[in-house]
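Engineer:
Protein chains in written order, with this note's numbering: chain A, 12 to 423; chain B, 12 to 423; chain C, 12 to 423; chain D, 12 to 423.
As structure tokens, then:
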């Protein structure tokens, strides 16, 4: 949960942000049919409609139900359907069964959204709830990114290779290939890591604390699809010595030979099957693959602290991030933010003196601090404005359906 | 595949039957949304839309493609999606992934149906293809029953318990409780079993052949929900000695304690959750359960030959079967047909001198002759006119999502 | 359980048979170390020591405990270890954990055997128990065959390929190749099948009853390793149309490409890795493979009734069966018995009017009558004297670790 | 792999250490039968005989084969059997099949040990190989601890509850209950963590580097069995909010309700089932359980750095560790070492500038740096002299068969 310092910005801005983010979610599903919006291709992923509903449940539960006097739940049996993982909020439908919810319909979910949005107007002006509203907004932004990666995964399983958006031959500029050529050095020493308050952040980003770094350097550019092809051509997926033991098991059992979504010279995108641009950043790789690639390249992944130390001062809203309902596509660019989430070699663990918030929202982050890895930055599917230098994304080392990539590091 | 004796009936009737059965399929999905029609709740089940498409693929492939000169496939990449299990027809989508086909849309599948129906009109008048058309019709009838049982299974997984049709308080008469009270005796001796030709039947129903029976009796009535409750109350699900060894394993591992769809005093139906009528036939039980019940009752299941010997001469179109697009519901009635498929103690095996037809349609039945059990009769979800005394339905001993029940037998 | 007609033969012979069979079990384990005798390579198989103990448990439980006044169990906590599947006899160790029983030691199990044998002497003279003793003897013979096939399976998993016995270059005569050349015809008609009493048989062999057969023929010879190589060379394992649907799934998922124990030109035997004799009967195949082979050969498997009809009058103690503690090896020979168990196309089901015996021994056979297939004859690992024309062996269609083979049949 | 600084101690001492450790391994298996020594109860565990052989393979491969001119492998086909996980050393038997190796016999493995020991005498005097010999010794010590925990796990699965050693009523003093009462404070600041060379250590303990700590305190005592009973009695295993998300899943799916080896008031030990001493340290818990307990107690687990900072200067050879072949038993005592390995909240990751050694021994540690957690200290089954303050043990968060426990920490 967020550190909830009061913001000085007018609540007027908050209401605008609320409305904008709610509209973006709806714009993202505009190209989807009722059936598209109900698809669930694996337990990790959720239907688009479920994302629309779950984000609404979040506002209805933690804002309206808890703080708006007299508010009645839109439907008493829907929380069971749209609670994700909050044990404190009671039982819920098995995660793998979300794709069986053809009812409520998409139209009914839109009705719910309108109902909740109308009621929320009465709370948005009340600055006592600002921190929770900001959490709800950030939460919905996270689900916007998941909605995009989940529907991509579902469409990928349709042999017809459906396109959610038409390809835009103009919009996709040829990627700028930066390769690993340049390095940004850092002298090491004591740096302050984590969020210090004064604005919104998730609870897992704090408390701010000091960390001692050795001198290191971070690559200017992300590893590209062309780099990755070299790794494949050099037998990277068949060379045991490059891999973590669990990674090697996984590669062999699952028959992994390329990033997710690669097929011959093509890759699957929100615009269907498309040719691959070797200069664009590689994405849809697992931690195991990122780590093996770094070993092959003779370098390593950065720690989350190294990455953050260099990101401080950069504009987290820069780079290739999501602005509108249009196909996200990594294109390569300067700066540490955008294009893809970047694996670090840091396990996702609590910062010193971290304590989850009390109550159900305390389940937001802390209980996932086992077995996952920290990713930094922001991807082409991250709503612009959502990320920060202190932001900690996290996934299991086998997961690949996010826009995940890597940036190399080395010791100095 | 069917024994394909030429029918003397005018091809005019065949065309009428074709059109009627095609319309019924479409009427069955009328209450379903685009998302409802895409649901797949387990690998055994298929989406309603898939049934609409697969039955159309059958006509397009085995009739139009193979026999209508110049016919062009409606879409060249759809056979991959809608072939069920015909190895001779090439690769196909993994069975468990049928629920990921949000595309083609329901409307596109309806367009395909119309296109195929129009082309079929040119073949329906040609009596050379009559046997294949009859096979296609019988095939679509089978999928109508599956469509109904599959969507019931999917809706059951939605905690909201959606109703596909409103309950009809008038239509559902109180069930006639026949219990096991009466028995129909049979003196035994040599009987002729199987289909002798002269009209349509599946290939697995023949050849007709002689079987020697010992004297036996068959219960007049089906086992009822009330009888089943007695079995439960008497500890039937907890008494190892009543069960086949594999059945006991299954009951314990899967935690089976009642028929599928039972919850407290209710059961799930196409009209949502409803009270249970103790006088109505029990359904949605597995072979293992049927066998255990028979052991508990001190009787046994009939063989398929015994059942067929007594069914000869009865009207297979009688009893409670599906006439229109309305909720199927077992109600109990006289006669051997209708209400539910009845387990026999006969394994599903080839009859003497049975040979599958040549070509892909030869895969229709023969290759499933291992590990399954024969069921006889017809259920409330079987389109009236589909069944025969010689009809052999078959399922694995753990499967329960069909309208399956039992009628006891005993030795004389 | 056995039909327990009293035998007229002197109980003197029974005692001799008892002692002989007990000694044979012990001779079979003579080449095994303490560790060898504890191995369990899969849940289907059991350690050799466990077989020694379980057969002793059978006599101690159903004879001594139940019928010898004042008998005290050798160890009160051993029945939990050595009960196989008798629910009526209470809880027992999980089947897959039998290989974890390093205690009791082999010597302790031998002590138990001696203790039970001594006590049994007092019962062997009492003809009231003759039927149960005969059952116990037949039971131990079954476990002798299992002991041999189980230890073979365990040794096969040791990359060193241990030999249990030295190869006997003299003992293994070149096999007589009979191929399918000749056929024995049967005119069909009503035959009596099953055991009529008057001597020992398992309960599943009765009651005797009449069965109506169509005219058929059975091959003079068993299918050989050379025949099987032709099947492989002709792509038998890659041709879907030859296989039952479940068999095709199994072949593909498990990567089956040859009988169990084949590797290059060799096969694994109780004497380690040896060259394969193309004229010897093929063994260690599953029902799925046997059925596919028959389809490839243009014939079929016999029913259990056809096989039995032709076996009546033959000497069931003839052919290549187990006489002493020496490596069993299929060599080919005349007659229907010996070399290998022969798959039939009959599912393992109860005969008309079959009822399991009351009490725990009633679990011997009846509860396994689901999902398995009947095999007839006797194998090179079957103790001579154990089999009968009416004998019904049974296995699941995927199991291959027994000496299982096939003899073709055809319609006349 | 070890940092291989040359030791000043005479090679005379090395030879003595070599001999002593080799003798201890053999003494540990003295109470085991041939069958006991072959048991494998799960893939994580290995047979005792396998440990004897694998440690010998290590010396034969990396010392004798690589460095003793003219040395011939004792058996050419044994490395396939006894290589554990060194990909660079080629193929090897599947881990789960180690329990099927009844051959070579225990006596043959002892012969191999003697053969290798004799050959090693020629290398022990050569100080060029000292570092590798020290690695081999430390490696064998690790396997001594595994041998003890693996055989305990195997015996636990025998319902007879075999004792490997008789209980020593004198040897087991009543445990000293220290509880959490006292705390050792640490002021925080920059500390040096990791091994600096100059003596033997594993490669994962280095390089030494600086870490910045916040002020904290570590409990004087280990959490006891009595403390753990309070946790159980307070519903610890049923309270979702105490658990990491993956831990809660595990607890529910696996039905975890107590530490491994607890049953009623007893626990399973190397001396069979024994009463539990509430004052003794709790052991055989998973990371998930340790973390949940700490949450319940209102404290937390220490980081590996905090633990090491306080351990510097303590005698790592102190406390309750393994001296001779006798039953290991946690008894409680002062000092940070001994009794049980203590979970930290640190994921097992490489230290800054860590690089695995070149060649096969480089696989010793580095490739396991994913998904596991660091444990510090030493247990009652750790051969005394093996551990160090810098030592990093590591296990997956579900594993419980080691002597694992916990010591609480808190922020100051």
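For glycine and all other residues, C-beta sits at the position ideal for the given N, C-alpha and C.
Check the Cβ-Cβ distances between residue 98/D and every residue of chain A, and say whether any is below 8 Å.
Structural biologist: Yes - at least one Cβ of chain A is within 8 Å of the one on residue 98/D.
Engineer: If you run the structure through DSSP and keep just helix, strand and coil, what is residue 379/C?
Structural biologist: Note: residue 379/C maps to helix in three-state DSSP.
Engineer: Determine, for residue 126/A, whether the minimum Cβ-Cβ distance to residues of chain D falls below 8 Å.
Structural biologist: Chain D, which has no Cβ nearer than 8 Å to the Cβ of residue 126/A, makes this no.
Engineer: Might you give, ordered along the chain, the residues of its own chain that have their beta carbon closer than 6 Å to the beta carbon of residue 223/C, omitting 5 neighbours on each side?
Structural biologist: If we look at residue 223/C and ignore the five residues flanking it on each side, its Cβ neighbours are 201.
Engineer: Residue 372/C CB to nearest chain B CB: under 8 Å?
Structural biologist: Taking Cβ atoms only, chain B never reaches closer than 8 Å to residue 372/C, which makes this a no.
Engineer: Could you name the residues that DSSP lists as bridge partners for residue 263/A?
Structural biologist: Looking at the DSSP assignment, residue 263/A forms no beta bridge with any residue, so it has no partner.
Engineer: Output the distance between the C-alpha atoms of residue 400/C and residue 306/C, rounded to the nearest integer angstrom.
Structural biologist: Using only the alpha carbons, I get a separation of about 26 Å.
Engineer: Give the single residue among 31/D, 328/D, 91/D and 100/D whose Cα lies nearest to the Cα of residue 373/D.
Structural biologist: The option with the nearest alpha carbon to residue 373/D is 100/D.
Engineer: Figure out for me which residue from 322/B, 379/B and 329/B has the closest Cα to the Cα of residue 395/B.
Structural biologist: Checking every option, the nearest Cα to that of residue 395/B belongs to 329/B.
Engineer: Where does residue 23/B land, buried or exposed, given buried means 16+ other C-beta within 10 angstroms?
Structural biologist: The residue in question, residue 23/B, is exposed, as its Cβ has fewer than 16 Cβ neighbours within 10 Å.
Engineer: Would you report the Cα separation of residue 208/B and residue 137/B, rounded to the nearest angstrom?
Structural biologist: Near 21 Å, if we compare the C-alpha coordinates of residue 137/B and residue 208/B.
Engineer: Name, going along the chain, the residues of the region 202-225 of chain A whose beta-carbon falls closer than 8 Å to a beta-carbon of chain D.
Structural biologist: Those would be 220, 221, 222, 223 and 225, in chain order.
Engineer: Would you tell me roughly how many angstroms separate the C-alpha atoms of residue 402/C and residue 225/C, rounded to the nearest one?
Structural biologist: Spanning the two alpha carbons is a distance of roughly 22 Å.
Engineer: Taking Cβ-Cβ distances shorter than 8 Å, what residues in chain B pair up with residue 53/C?
Structural biologist: Ordered by position in chain B, no residue passes the 8 Å Cβ test against residue 53/C, which lies about 17 Å from the chain.
Engineer: Give me the Cα-Cα distance between residue 148/A and residue 361/A, rounded to the nearest whole angstrom.
Structural biologist: Using only the alpha carbons, I get a separation of about 23 Å.
Engineer: Could you confirm whether any beta carbon from chain D is found closer than 8 Å to the beta carbon of residue 364/A?
Structural biologist: Answer yes: the Cβ-Cβ gap between residue 364/A and chain D drops below 8 Å somewhere.
Engineer: I'd like to know if residue 109/C contacts chain D, where contact means its C-beta is closer than 8 Å to some C-beta of that chain.
Structural biologist: Answer no: the Cβ-Cβ gap between residue 109/C and chain D never drops below 8 Å.
Engineer: Just how far apart, CA to CA, sit residue 353/B and residue 140/B?
Structural biologist: Whole-angstrom Cα-Cα distance: 33 Å.
Engineer: For residue 356/C, return the contacting residues in chain B, with the cut-off set at a CB-CB distance below 8 Å.
Structural biologist: Ordered by position in chain B, the residues that pass the 8 Å Cβ test against residue 356/C are 360 and 361.
Engineer: Write down the C-beta distance between residue 112/B and residue 68/B rounded to the nearest angstrom, noting that I regard them as a contact closer than 8 Å.
Structural biologist: Their Cβ separation, rounded to whole angstroms, is 13 Å, which puts residue 112/B and residue 68/B out of contact at 8 Å.
Engineer: Just to confirm my understanding: we take residue 56/C, look at its own chain, exclude 5 residues before and 5 after, and list those with CB closer than 8 Å. What are they?
Structural biologist: These residues qualify, in order along the chain: 157, 160, 161, 164, 165 and 412.
Engineer: Using a Cβ cut-off of 8 Å, pull out every chain B residue sitting near residue 170/A, in sequence order please.
Structural biologist: Those within 8 Å of residue 170/A in chain B are 88, 91, 92 and 104.
Engineer: Note down the Cα distance separating residue 326/C from residue 194/C, rounded to an integer number of angstroms.
Structural biologist: For residue 326/C and residue 194/C, the distance between alpha carbons rounds to 19 Å.
Engineer: Using the three-state DSSP reduction, which class does residue 422/C fall into: helix, strand or coil?
Structural biologist: The answer is strand: DSSP assigns residue 422/C an E or B state.
Engineer: In chain order, what are the residue ranges of uninterrupted beta strand (DSSP E) at least 3 long that sit wholly in the region 223-271 of chain B?
Structural biologist: Taking only runs of at least 3 residues, the beta strand (DSSP E) segments lying wholly in the region 223-271 of chain B are 227-230.
Engineer: Whose C-beta lies closer than 8 Å to the C-beta of residue 274/A among residues of the same chain, with five residues either side of it excluded?
Structural biologist: Result list for residue 274/A: 284, in chain order.
Engineer: Answer with buried or exposed for residue 340/B, where buried requires no fewer than 16 other C-beta atoms within 10 angstroms of its C-beta.
Structural biologist: Buried, by the Cβ-count rule.
Engineer: Comparing C-alpha positions only, which one of 346/D, 343/D and 379/D sits nearest to residue 359/D?
Structural biologist: Of 346/D, 343/D and 379/D, the residue nearest in Cα terms is 379/D.
Engineer: Residue 277/D by DSSP, collapsed to three states: which one?
Structural biologist: Reduced to three states, the DSSP call for residue 277/D is strand.
Engineer: Using a C-beta cutoff of 8 Å, does residue 95/A count as contacting chain B?
Structural biologist: No, its Cβ sits nowhere closer than 8 Å to a Cβ of chain B.
Engineer: Could you tell me whether the Cβ of residue 198/B comes closer than 8 Å to any Cβ of chain C?
Structural biologist: No, residue 198/B lies away from the interface with chain C (no Cβ there is under 8 Å from its Cβ).
Engineer: Are the beta-carbon atoms of residue 338/B and residue 281/B separated by less than 8 Å?
Structural biologist: In this structure, residue 281/B lies closer than 8 Å to residue 338/B by Cβ.
Engineer: Would residue 126/B and residue 66/B qualify as a contact pair, given that the criterion is a beta-carbon distance under 8 Å?
Structural biologist: No, they are not a contact pair.
Engineer: Under the three-state reduction of DSSP, which class applies to residue 64/C: helix, strand or coil?
Structural biologist: In the structure shown, residue 64/C sits in a helix (DSSP, three-state: H, G or I).
Engineer: With distances taken from CA atoms, which of 143/D, 357/D, 54/D and 393/D is nearest residue 349/D?
Structural biologist: Closest by alpha carbon: 393/D.
Engineer: Mind checking whether residue 33/B and residue 128/B have CB atoms under 8 Å apart?
Structural biologist: Taking 8 Å as the Cβ cut-off, residue 33/B and residue 128/B qualify as a contacting pair.
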